[in-house]
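Residue numbers (this note's numbering): 1379 to 1850.
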Ligand code: HEM
């Protein structure tokens, strides 16, 4: 049993008792927590109940919860009292102050401005691009398979990371980047994120990082990232300003350039444009890549589910690629995507801090309380899910004996800060799943080590794995 388990209880007079893991126990387990928090946190909650107080990295006192009511209270019902914590704020050092890291009235102003760019119809307009990039990314694999007698193998996380990065980068910037520049952009984002996560999980290493110049090094990477994006934005502005310039591309950057603040009629400043476009790349890349990676992993182990998706698309599409309008008639692939995100929620944990004193069902929440909203724990809680460890896409179908409880399924968060890219991501993943299964049968390559989870900012596999693709 993990050493985090035995606890004290804290109970300010007249209020509900909350189990507490003392600081020294948290510290003792901070290495295991840094290595892989999921088993440690699951064991803590299995022992104590849905909500517990503990110390992140042995340093920061935080309330960890998988209680859907408390999660909804924080994200939605009393959302005004909860801001992103200093952990997310710290990320803005590297990725700026776009929607994900912004707060308060300034966040609301930006969100209102940007929201229309993500409406269903705008996303529908991007499906052609999503399909084109998916087809381009799968074509070499199909060619490779045909050349070697009908099958090939592929490293799934690498494939999905490249694919989703190309989709989001071209949805924002249209431009066909040179491959090297795209790879550099993706590499910079990954390196910065990995460092940021380490500095949070192991805060006691900060003096060491400082000594080794790690902060300065990553600041320089962040500057390189901003310079790269600034160059692309300036190029677009120049192109648009040319006399007789052709109509600009209908992409997300153009949407950011075209919008005007209601009160001033002004466009966004150059710095804002960099912040917001960078946030879209960061938030819209790894999340979808990880969800698709886990989906492929699951399908490779559940051939019957894959066959059902293939049979449904064959009946509806008769071999052609799906259009946006076809998607509602192809629910099986979407249910598989939804179930993959239940089992492996890319945003496995979300943070908040209480701005003022609050109360939830007798639990006193003093100002400054940090929250770790544990979506992964909630998505596996047997109180809300039958056989929570099993891959059962049909639970998302209509007419189920036990329908999905709305507030127990939160892969895109909730309340006013619900993921702005939800429709975009669902469409993208739905299309990729359909196209992958239209072209190939997927099988697990035997003999590989067990796949384990690595929860960084998003939940990814610790090591990449291969599947066999057989041309259909
Ligand atoms: C499977 C894919 C995705 C998942 C699971 C996901 C999940 C989330 C979650 C949980 C949040 C809320 C975080 C919080 O409350 O602290 C969020 C916010 C956000 N997401 Fe996504 N996301 C995905 C894809 C995307 C895509 C494709 C984009 C962009 C095209 C995007 C852009 C954003 C932005 C900008 C925010 C901040 C919104 C705000 O605070 O106003 N996401 N996402």
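Using N, Cα and C, we set each Cβ at its ideal position, and we do this for glycine too.
All values reported here derive from a predicted model rather than from experimental measurement.
What number of angstroms, rounded off, separates the C-alpha of residue i from the C-alpha of residue j?
i	j	result
residue 1379	residue 1583	Confidence at residue 1379 is low in this model, with a pLDDT of 37, below 50, so the placement of that residue should be treated as unreliable; the coordinate-derived value is given next. Approximately 27 Å between the Cα atoms of the pair.
residue 1420	residue 1716	22 Å
residue 1768	residue 1597	42 Å
residue 1618	residue 1718	42 Å
residue 1834	residue 1813	29 Å
residue 1517	residue 1537	12 Å
residue 1556	residue 1660	19 Å
residue 1799	residue 1828	32 Å
residue 1731	residue 1825	45 Å
residue 1741	residue 1781	29 Å
residue 1590	residue 1568	20 Å
residue 1635	residue 1651	8 Å
residue 1562	residue 1520	26 Å
residue 1422	residue 1430	8 Å
residue 1482	residue 1713	35 Å
residue 1822	residue 1776	30 Å
residue 1479	residue 1462	7 Å
residue 1662	residue 1504	14 Å
residue 1842	residue 1534	7 Å
residue 1433	residue 1581	12 Å
residue 1831	residue 1764	22 Å
residue 1513	residue 1468	38 Å
residue 1698	residue 1704	11 Å
residue 1389	residue 1560	With a pLDDT of 48 at residue 1389, under the threshold of 50, the predicted position of this residue should be treated as unreliable, and no value is reported.
residue 1425	residue 1417	12 Å
residue 1846	residue 1840	20 Å
residue 1500	residue 1439	42 Å
residue 1558	residue 1760	46 Å
Report the CB separation of residue i from residue j in whole angstroms; it is logged as a contact under 8 Å.
i	j	result
residue 1849	residue 1818	6 Å
residue 1476	residue 1729	Wrong, their Cβ atoms sit about 17 Å apart, outside the cutoff.
residue 1766	residue 1758	5 Å
residue 1441	residue 1756	Contact doesn't hold; Cβ gap of about 14 Å is too wide.
residue 1865	residue 1801	An answer regarding residue 1865 cannot be provided, because it is not within the stretch 1379 to 1850 covered by the chain.
residue 1427	residue 1397	7 Å
residue 1627	residue 1526	About 38 Å separates the two Cβ atoms, so there is no contact after all.
residue 1811	residue 1673	6 Å
residue 1541	residue 1515	5 Å
residue 1695	residue 1443	Going by Cβ atoms, the distance from residue 1695 to residue 1443 rounds to 43 Å, so no, they are not a contact pair.
Among the residues of its own chain, which have a CB less than 8 Å from the CB of residue i, if the five just before and after it don't count?
i	result
residue 1524	1849
residue 1815	1677, 1684, 1687, 1688, 1691 and 1711
residue 1575	1834 and 1835
residue 1679	1769 and 1822
residue 1771	1683, 1710, 1713, 1714, 1716 and 1717
Grab me the residues of residue i's own chain with a C-beta within less than 7 Å of its C-beta, minus the 5 sequence neighbours each way, in chain order.
i	result
residue 1658	1546, 1550 and 1630
residue 1638	1644 and 1645
residue 1566	1599, 1602 and 1603
residue 1734	1459 and 1745
residue 1796	1790
residue 1593	1587
residue 1548	1507 and 1511
residue 1607	1652, 1655 and 1656
residue 1415	1833
residue 1736	1456, 1459 and 1743
residue 1496	1798, 1799, 1801 and 1802
residue 1774	1713, 1716, 1717 and 1782
Please classify residue i as buried or exposed, where buried requires at least 16 other C-beta atoms within 10 Å of its C-beta.
i	result
residue 1726	buried
residue 1484	exposed
residue 1664	buried
residue 1486	exposed
residue 1532	buried
residue 1707	exposed
residue 1647	exposed
residue 1668	buried
residue 1373	Coverage of the chain is limited to positions 1379 through 1850, which leaves residue 1373 absent and any answer about it impossible.
residue 1624	exposed
residue 1612	exposed
residue 1395	exposed
residue 1870	Residue 1870 lies beyond the stretch modelled for the chain, which goes from 1379 to 1850, so this question has no answer here.
residue 1391	With a pLDDT of 47 at residue 1391, under the threshold of 50, the predicted position of this residue should be treated as unreliable, though the coordinate-derived value follows. Exposed: under 16 other Cβ atoms inside 10 Å.
Tell me which same chain residues have a C-beta within less than 6 Å of the C-beta of residue i, skipping the five on either side of it?
i	result
residue 1508	1545, 1806 and 1809
residue 1578	1465
residue 1803	1666
residue 1724	1665, 1668, 1669, 1836 and 1837
residue 1739	none
residue 1621	none
- Message: Whether or not the stretch 1593-1609 and the stretch 1458-1472 are in contact is what I'm after, with contact meaning three or more pairs of Cβ atoms, one per stretch, closer than 8 Å; do they touch?
- Response: Contact between the stretch 1458-1472 and the stretch 1593-1609 is established, with three or more Cβ pairs separated by less than 8 Å.
- Message: Between the stretch 1447-1465 and the stretch 1635-1652, can you find at least three pairs of beta-carbon atoms closer than 8 Å?
- Response: No contact exists between the stretch 1635-1652 and the stretch 1447-1465.
- Message: Does the contact criterion of 3 or more C-beta pairs under 8 Å hold for the stretch 1445-1452 versus the stretch 1778-1794?
- Response: Touching, yes.
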